[in-house]
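One structure is given below, encoded as structure tokens.
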Amino acid sequence: MKPYEQLPRELTRILGERWSDTAANRLLYSRDMSAEITLKLRDQSGDPNFAPMRPHVVCWPEDAHEVVKLVKLANRLKIPIVPFGGGSGVVGGTIPVRGGMIIDLKRMDKILKLNNEQGTADIETGMLGWKLEAELNRTGYTLHFPTPARSATLGGYLAARSADVEDRLEEAEVVTPRGELIRFGRHAKLFPKIRTKDLFVGTEGTCGIITKARLKIQPLPPAECYRGISFNRLESGLMAMRLIIQANLRPTVLHLHDPLSLLFEHSRETSTSEQKTLMTQLKQGGQNWLLQHPRMTTLLNLLPLEVILIVGFAGEKTFISEQEKIALSLCQKVIARDLGPGPGEQWKQQRHHPSFMIPQLFDEGGFMDTIEVATTWDLLEGLYQKITRALQHKVCLMAHFSHATPDSCAISFTFAGKTGSYEQDLALYQEVWQEAMETCLLAGGTISHQHGIGLLKAPYLERELENCMKVFKAVKKKLDPAGIMNPGKMSL
Ligand SMILES: Cc1cc2nc3c(=O)[nH]c(=O)nc-3n(C[C@H](O)[C@H](O)[C@H](O)COP(=O)(O)OP(=O)(O)OC[C@H]3O[C@@H](n4cnc5c(N)ncnc54)[C@H](O)[C@@H]3O)c2cc1C
516 MKPYEQLPRE LTRILGERWS DTAANRLLYS RDMSAEITLK LRDQSGDPNF APMRPHVVCW
576 PEDAHEVVKL VKLANRLKIP IVPFGGGSGV VGGTIPVRGG MIIDLKRMDK ILKLNNEQGT
636 ADIETGMLGW KLEAELNRTG YTLHFPTPAR SATLGGYLAA RSADVEDRLE EAEVVTPRGE
696 LIRFGRHAKL FPKIRTKDLF VGTEGTCGII TKARLKIQPL PPAECYRGIS FNRLESGLMA
756 MRLIIQANLR PTVLHLHDPL SLLFEHSRET STSEQKTLMT QLKQGGQNWL LQHPRMTTLL
816 NLLPLEVILI VGFAGEKTFI SEQEKIALSL CQKVIARDLG PGPGEQWKQQ RHHPSFMIPQ
876 LFDEGGFMDT IEVATTWDLL EGLYQKITRA LQHKVCLMAH FSHATPDSCA ISFTFAGKTG
936 SYEQDLALYQ EVWQEAMETC LLAGGTISHQ HGIGLLKAPY LERELENCMK VFKAVKKKLD
996 PAGIMNPGKM SL
């Protein structure tokens, strides 16, 4: 009997009715939130020859032991497996390029244990991030996720190293590609100190399925405060950001928005008066025109537009005011204007709004995507300028800086375009990615900070890692000799 003919009986034995091979489910699980797929499916003018890559079956296990059984079955039948969280990834990480079995973990969505003394929570990784935060808040705790997508799961955050959740990871449970259930932890008595975590966190489901995680949690802060600080040059804003993070202050938010990002994404209180006027004019019909004539956005560089840093602190009121005082004094070193709490509060309210603009833009026949890169502070402004120069005459381009550490910082470029034809849109979209990745590698940046590599950036990963890729491939071969765990992703 052929492998796929055996599947229905075997799956029913393991999961009962919690699996499906219906055409509707196979189509639903053929994609993630990658902009390129949305573009191909955009409307009647999309690609008539585009054939989604469907899985053969979709499975919904309820615990790690069922995941073990599914992985052992897939090994025996040599069937590819794709771990699936919320499907909100934007790099094609869950696309079943060789068909096979989707393992959707969303039924594994419980907080198993809260340890008040240690300040930790044991959580099943299929839990949605927003639900996890809401449930923790009800018990007086928080994870302080920055700005995660509403539909992402804890497993997806860990697999793609999103939302800084990795920094809170104490222990985890993983099903390896051979179907063994293993645990690793920060406090393991290991010598030499091998960081087992690096095999599974950030490897996008290519080396195993993370089923459970112990995370460090914090008591809900009694107060939080956000404010906006304006600078008349990007260089000054970046220096202020670096001084704040290198002074060991502990902001919960530190985001620097370039002028166009303020215009398009946060166009009320965060904007200066010139930016507000410009935005009103653009909204009266100009926005569409600007998408088709992105070269005109370069003229904005001639206006006295400011950049704005959003900084937020949480904790006791005295702690917050002390930290804010130091942050403001550091900003004054590079000439800054304190805009008070208004822009910060507005940023907090509207931080998910840019995501809601995406469907509208596609509906109107355009496209939009985000390129996130990162580098060390000494190369940061150069990286921003080089990518901006390479792209700003092709598409409308805006950026913000975030995820600052004492050594490095990430840049998220959002680009949007519209040519009037599907073929030209697709060609332009692909050209923008290629140019951005090439420029990033030449400027000393890393091609991904928190969205992952998936299929989209796989061609560039080998160039970034050079000889290390050989080591990575050898490790993968040892862990997954049958090559069934999320094949094709991360160039593996
Ligand atoms: C509108 C929007 C806004 C976004 N905003 C942000 C943002 O602010 N910050 C950010 O970092 N990202 C953001 N993202 C990207 C996305 O939400 C993250 O990459 C997120 O981590 C994906 O989680 P998920 O559960 O949806 O994973 P999925 O898309 O289901 O999977 C992503 C990858 O992880 C693997 N995977 C999933 N679960 C597991 C598991 N348990 N074990 C092993 N591998 C697994 C998959 O195989 C795949 O390779 C955004 C996306 C959208 C669409």
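Letter 445 of the sequence shown, counting from 1, is numbered 960 in my numbering, and no numbers are missing. Glycine included, C-beta positions come from ideal geometry on N, C-alpha and C. As the structure is a prediction and not an experimental result, all values here were calculated from the model.
Taking the C-beta atoms as reference points, Arg-757 is found no nearer than 7 Å to Trp-948. Every alpha helix (DSSP H) stretch that sits fully inside the stretch 651-704 and reaches 4 residues is listed by chain position as 669-675.
Rounded to whole angstroms, the gap between the alpha carbons of Ala-842 and Cys-740 is 13 Å. Closer than 6 Å to some heavy atom of ligand 1: that does not describe the Cβ of Gly-655. Looking at Pro-692, Ile-724, Lys-848, Thr-885, the one whose alpha-carbon comes closest to that of Ile-759 is Lys-848. Bridge pairing for Thr-891: Ser-923 [DSSP]. Inter-residue distance for His-915 and Ala-851 is about 18 Å (C-alpha atoms, whole angstroms). As DSSP reads the structure, Asp-884 sits in a beta bridge with Phe-930.
Listed in chain order, the non-local C-beta contacts of Thr-711 below 7 Å within the same chain comprise Phe-699, local neighbours out to five positions each way being set aside. Contact annotation: Thr-609 and Asp-547 have beta-carbon atoms nearer than 7 Å. When Gly-855, Val-768, Leu-684, Glu-821 are compared, the shortest CA-CA separation from Phe-828 is found for Val-768.
Here Val-572 is buried. Its C-beta has 16 or more other C-beta atoms within 10 Å. Annotation: the continuous alpha helix (DSSP H) that includes Met-984 extends over 983-994. Around the beta carbon of Glu-821, 16 or more other beta carbons lie within 10 angstroms, which makes this residue buried. Around the beta carbon of Pro-734, fewer than 16 other beta carbons sit within 10 angstroms, so the residue counts as exposed. Short note on Val-605: C-beta closer than 6 Å to some heavy atom of ligand 1. As the crow flies, the alpha-carbon of Asn-564 is around 37 Å from that of Val-990. The beta carbon of Leu-894 sits closer than 6 Å to those of Gly-959, all from its chain and outside the five residues before and after it, given in chain order. Shown here, Gln-733 sits in a strand according to DSSP, grouped into three states.
Val-947 sits in a helix when the DSSP states are folded into three classes. A buried status is given to Ile-962, since no fewer than 16 other beta-carbon atoms sit within 10 Å of its beta-carbon. Of Leu-522, Leu-957, Pro-874, Ile-825, the smallest CA-CA separation from Gly-857 is found for Ile-825. Distance from the CA atom of Glu-551 to the CA atom of Gln-633, rounded to whole angstroms, is 44 Å.
For Cys-722, the three-state secondary structure derived from DSSP is coil. In the three-state reduction of the DSSP assignment, Val-822 falls in the strand class. Along the stretch 524-588, the alpha helix (DSSP H) occurs as fully enclosed runs of 4 or more residues at 538-543, 550-555, listed in sequence order.
DSSP places Pro-598 inside the beta strand (DSSP E), whose first and last residues are 596-599.
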